[in-house]
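Going by the working numbering, the first residue of the sequence shown is number 145, and it counts up by one from there.
Where a beta carbon is used, it is the ideal one built from N, C-alpha and C, also for glycine.
Here the structure comes first, spelled out in structure tokens, and everything after it is commentary.
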Amino acid sequence: MERPPAERLHGVLVVDKPPGPTSHDVVDRVRRALGTRRAGHTGTLDPFASGVLPVCVGKATRLARFLAGGDKVYQATIRLGFATSTDDLRGEPIGPARPVDLDRGAIERAGRALTGTLRQVPPAYSARRVGGRRLYELARQGVQVERESTEITVHAFEVLAVAGERVEVAVTCSPGTYVRALARDLGEALGVGGHLIALRRTRSGDFTLVGAVDGAVPSAAWEQALLPLGALLPGMPAVRVGPEGAAALRHGRDLTGPLVVSDFPPEPQERFRILDEAGSLLALAVPKGFGPAAPGLEVARVLHPEIVLVD
145 MERPPAERLH
155 GVLVVDKPPG
165 PTSHDVVDRV
175 RRALGTRRAG
185 HTGTLDPFAS
195 GVLPVCVGKA
205 TRLARFLAGG
215 DKVYQATIRL
225 GFATSTDDLR
235 GEPIGPARPV
245 DLDRGAIERA
255 GRALTGTLRQ
265 VPPAYSARRV
275 GGRRLYELAR
285 QGVQVEREST
295 EITVHAFEVL
305 AVAGERVEVA
315 VTCSPGTYVR
325 ALARDLGEAL
335 GVGGHLIALR
345 RTRSGDFTLV
355 GAVDGAVPSA
365 AWEQALLPLG
375 ALLPGMPAVR
385 VGPEGAAALR
395 HGRDLTGPLV
405 VSDFPPEPQE
415 RFRILDEAGS
425 LLALAVPKGF
435 GPAAPGLEVA
445 RVLHPEIVLV
455 D
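Laid out in structure tokens, this is it:
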């Protein structure tokens, strides 16, 4: 039986999320616009935030954990003068407002101190788990728990503009970084408190706002903006197989050297994209064994399918 048209849609739709709806709300809009049930995002944006929200559709949902990696780039507005219970504009002020009389140089120095590899304490209202429960659930019940810090990397924290108590910044950081926690920590470092009042994500891994659809205006035309499976994970090394290799993948069999019609990369790799001769993505595979080693070089010759996308 032929599949309904919507079930033949596979790829990633990059949505420019508007402020207001949750990330799940945006996924629901994608499902309705494309007429499919198989859709999910690769990483939550807070409701008040906007910007890049990649939504996996169809078989691309199997790749979500790989697509969620990669650095993030944000433009953010921080208000100095007081902290809040959520580290952003949605929370209650913590203590009285303090006067802000800081020059740009002091703010830039504090921002530079927030770059590099750091230990970050997540916001009290966040989705991190403690004892199997979300921190925001505990916070809403008034339960105070110790929040364990996690390692993050902030590659860049650039001060773009300063206007009174408002600071515009550009942040490039690793996945799992809370920009509102950076706003909190900047305020603490300056001795005046601070919280996040606006956030826009301009890049998530390989995905940018270029070609993104307007999440505020759902449309069946979104289908035309779907990035195909073969365009995903461009940074992952790839090998190509012919019809015999594709047949082996369909049956879950390992790929041996003779089934691969392209050269292997010259160095051992952690994972490969498996493409057909037309460039369509068939599977992700991991090295299982090695063939004869050239002098001083091991080359993967047996690949085990990890995620199979070909029917």
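For residue i, the residue or residues it bridges with in DSSP
i	result
histidine 339	Arg223
proline 449	Ala429
serine 167	Bridge partners of serine 167: none, in fact.
arginine 322	This sequence places tyrosine at residue 322; arginine is not what is there. Answer is none; tyrosine 322 lacks a bridge partner.
lysine 216	Cys317, Ser348
glycine 260	Val298
phenylalanine 416	Ala429
glutamate 312	Thr221, Ala305
Rounded Cβ spacing between residue i and residue j (contact assumed at less than 8 Å)
i	j	result
isoleucine 341	arginine 223	5 Å
valine 298	glycine 249	Rounded, the Cβ-Cβ distance is 19 Å, inconsistent with contact.
glycine 349	valine 158	Not confirmed; about 11 Å, so no contact.
aspartate 190	leucine 343	7 Å
glycine 195	leucine 353	7 Å
valine 357	alanine 375	Not quite, the Cβ-Cβ distance comes to about 16 Å (not below 8 Å), so this is no contact.
valine 311	valine 323	Not quite, the Cβ-Cβ distance comes to about 12 Å (not below 8 Å), so this is no contact.
Rounded straight-line distance, which links the Cα of residue j to that of residue i
i	j	result
glycine 379	leucine 428	13 Å
leucine 246	valine 315	21 Å
lysine 161	phenylalanine 416	31 Å
arginine 253	alanine 360	38 Å
arginine 397	alanine 422	21 Å
threonine 186	alanine 271	15 Å
proline 266	alanine 307	27 Å
glutamate 414	lysine 216	23 Å
proline 381	leucine 393	18 Å
proline 402	isoleucine 418	14 Å
valine 171	leucine 197	9 Å
arginine 457	serine 424	Residue 457 lies beyond the residue range present for the chain, which begins at 145 and ends at 455; the question has no answer from this structure.
alanine 208	arginine 345	18 Å
threonine 221	valine 199	26 Å
leucine 377	alanine 212	10 Å
arginine 176	glutamate 281	30 Å
proline 372	glutamine 288	45 Å
alanine 305	phenylalanine 210	35 Å
proline 387	threonine 180	29 Å
threonine 230	phenylalanine 351	28 Å
alanine 364	aspartate 420	29 Å
Same chain, Cβ closer than 8 Å to residue i, five either side skipped, listed in chain order
i	result
glycine 239	Phe226, Ala227, Gly337
leucine 258	Val298, Phe301, Leu326, Asp329, Leu330, Ala333
threonine 205	Arg182, Ala183, Gly184
valine 404	Val383, Arg384, Val385, Gly389, Leu447
glutamate 450	Arg415, Ala427, Leu428, Ala429, Val430
aspartate 455	Arg394
Close-in-space but distant-in-sequence residues of the same chain around residue i (CB under 7 Å, 5 per side omitted)
i	result
glycine 440	Low confidence applies here, because glycine 440 scores a pLDDT of 42, under 50, leaving its location unreliable and the question unanswered by this model.
isoleucine 296	Leu262, Gln264, Cys317, Ser318, Gly320, Thr321
leucine 178	Ala150, Leu153, Val201, Trp366, Glu367
threonine 166	Pro191
Beta-carbon proximity list for residue i, same chain, < 6 Å, skipping 5 on both sides
i	result
valine 446	Asp398, Thr400, Lys432, Gly433
arginine 173	Pro362
phenylalanine 192	Pro163
methionine 145	Note that methionine 145 scores a pLDDT of 36, beneath 50, so its modelled location is shaky and nothing firm can be said.
arginine 291	Val265, Pro266
lysine 203	His154, Leu453
Buried versus exposed call for residue i [16 or more other C-beta atoms within 10 Å across all chains shown]
i	result
serine 406	exposed
histidine 395	exposed
arginine 284	exposed
serine 293	exposed
aspartate 232	buried
arginine 277	exposed
glutamate 236	exposed
arginine 255	One detail in the question is off: residue 255 reads as glycine in this sequence, not arginine. When all chains shown are included, glycine 255 counts as buried.
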